[in-house]
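S.K.:
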Amino acid sequence: MLSFDCGDGTHVIAAQGKVPGKPFLISFDHHVSNSMYGDLNLVLTEASSTAEVVWRFLKAVGHRPDHDAATAILTGVCTDTDIFKNLSTNVAAFQAASELTLLGARVHDVERHLFSNKPVSVLKLWGRILERLHRHPEHDLVTSYILRADFDELGCIENDLEGLVNLLISLMRDVDTVILLRETQDGGVKGSLRTLSGNVARMGEWFPTGGGHKKAAGLYVPNTRLRPCQGRVEVV
-5 MLSFDCGDGT HVIAAQGKVP GKPFLISFDH HVSNSMYGDL NLVLTEASST AEVVWRFLKA
55 VGHRPDHDAA TAILTGVCTD TDIFKNLSTN VAAFQAASEL TLLGARVHDV ERHLFSNKPV
115 SVLKLWGRIL ERLHRHPEHD LVTSYILRAD FDELGCIEND LEGLVNLLIS LMRDVDTVIL
175 LRETQDGGVK GSLRTLSGNV ARMGEWFPTG GGHKKAAGLY VPNTRLRPCQ GRVEVV
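One point on numbering: in the numbering used here, the residue at position 117 of the sequence shown is 111, and numbering is uninterrupted.
Now the structure itself:
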């Protein structure tokens, strides 16, 4: 049994226990917060992405992926590095991308599907987030939010926000940290946290289901909703 990019093994271990014979569990990950819950833990915290960990493993065992598999692995590297723009980007990430491209990975397809080619409805959704940006100068922090009603009105889904928080932190001047909150379909609130010099993993770990990396983390609060209030937003 394999798990990928999952620092908290609670749900994985629960699923493992339901499989007859309790299969051997291998965890591929790069999160500092990984609890080493697997029977074998391939956790490389210096890696830019879990996809890079997978690629190192495949090289170590002498497996040569075809061009489709190479494209899938490159997608993971590009996603976590924001196409080699964020602070998780390192020499090993460029090396992995080069090697995967030589194997036939289609980097232009990855860029187009992940970061371009957006429908008008998604751009309108992003526009609402831009309109709601609020700066907290005392904390060098910018926050924004999206409500369930926004998703429903525009016909969008949560995945349509993929990559936006990385774009925000890369574009802003004189801002160190960005927090993007969104209401989830299951009645909770998720937060995406990015920083240039701080440690948002610690902030995420204030919550039972939060955590991640120093520069990029997330959180989840069940059974809550967002309430806009005088240009800001409260979690209630």
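Glycine included, C-beta positions come from ideal geometry on N, C-alpha and C.
Touching or not, the stretch 67 to 81 and the stretch 33 to 49, by the rule of three or more beta carbon pairs under 8 Å?
M.R.: Using a Cβ-Cβ distance cut-off of 8 Å, the stretch 67 to 81 and the stretch 33 to 49 are in contact, since at least three pairs of beta carbons, one from each stretch, lie closer than that value.
S.K.: What are the partner residues of Ile233, as DSSP defines its beta bridges?
M.R.: The shown model of the chain, from -5 to 230, leaves out residue 233, and the question about it has no answer.
S.K.: Using the Cα positions of Ile140 and Ile123, report the straight-line distance between them to the nearest angstrom.
M.R.: If you take the alpha carbons of Ile140 and Ile123, they lie about 6 Å apart.
S.K.: Between Arg100, Val159 and Lys208, which has its C-alpha nearest Gly185's C-alpha?
M.R.: Val159
S.K.: Whose C-beta lies closer than 8 Å to the C-beta of Gly15 among residues of the same chain, with five residues either side of it excluded?
M.R.: none
S.K.: Could you tell me the alpha carbon to alpha carbon distance between Asp154 and Asp33, rounded to whole angstroms?
M.R.: Note on geometry: alpha-carbon atoms of Asp154 and Asp33 lie some 35 Å from one another.
S.K.: Check whether chain C comes within 9 Å of Arg176, counting only Cβ atoms and requiring the distance to be less than that.
M.R.: Of the protein chains in this structure there is only one, and it is not chain C.
S.K.: Report the residue from Val215, Lys53, Glu132 and Glu40 whose alpha carbon sits nearest the alpha carbon of Leu87.
M.R.: Checking the displayed sequence, the identity of residue 87 turns out to be Ala instead of Leu. For Ala87, the nearest C-alpha among the options comes from Glu40.
S.K.: Can you grab the Cα-Cα spacing for the pair Phe109 / Ile151, in whole Å?
M.R.: C-alpha of Phe109 to C-alpha of Ile151: approximately 16 Å in a straight line.
S.K.: List the residues that DSSP assigns as beta-bridge partners of Ala210.
M.R.: Arg188
S.K.: Give the DSSP-derived three-state secondary structure of Leu19 in the structure shown.
M.R.: coil
S.K.: Please state the DSSP three-state secondary structure of Val159.
M.R.: helix
S.K.: Report buried or exposed for Ala99, applying the criterion of at least 16 other Cβ atoms within 10 angstroms of its Cβ.
M.R.: By the 10 Å Cβ count, Ala99 comes out buried.
S.K.: Going residue by residue through the stretch 22 to 79, where are the continuous alpha helix (DSSP H) segments of at least 4 residues, counting only ones entirely within it?
M.R.: 44 to 54 and 61 to 75
S.K.: State buried or exposed for Gly206, treating a residue as buried only when at least 16 other CB atoms are found within 10 Å of its CB.
M.R.: buried
S.K.: Which of helix, strand or coil does DSSP assign to Glu132?
M.R.: coil
S.K.: Per DSSP, what kind of secondary structure is Leu81 in: helix, strand or coil?
M.R.: coil
S.K.: Kindly indicate which three-state DSSP category Phe201 falls into: helix, strand or coil?
M.R.: Coil at Phe201, not helix or strand.
S.K.: Let's see if you can read the secondary structure: which residues bound the alpha helix (DSSP H) around Leu108?
M.R.: Val101 to Phe109
S.K.: Relative to the alpha-carbon of Gly282, which residue among Leu148, Glu228, Thr137 and Arg188 has its alpha-carbon at the smallest distance?
M.R.: Within the shown structure, residues of the chain are numbered from -5 to 230, placing residue 282 beyond reach of any answer.
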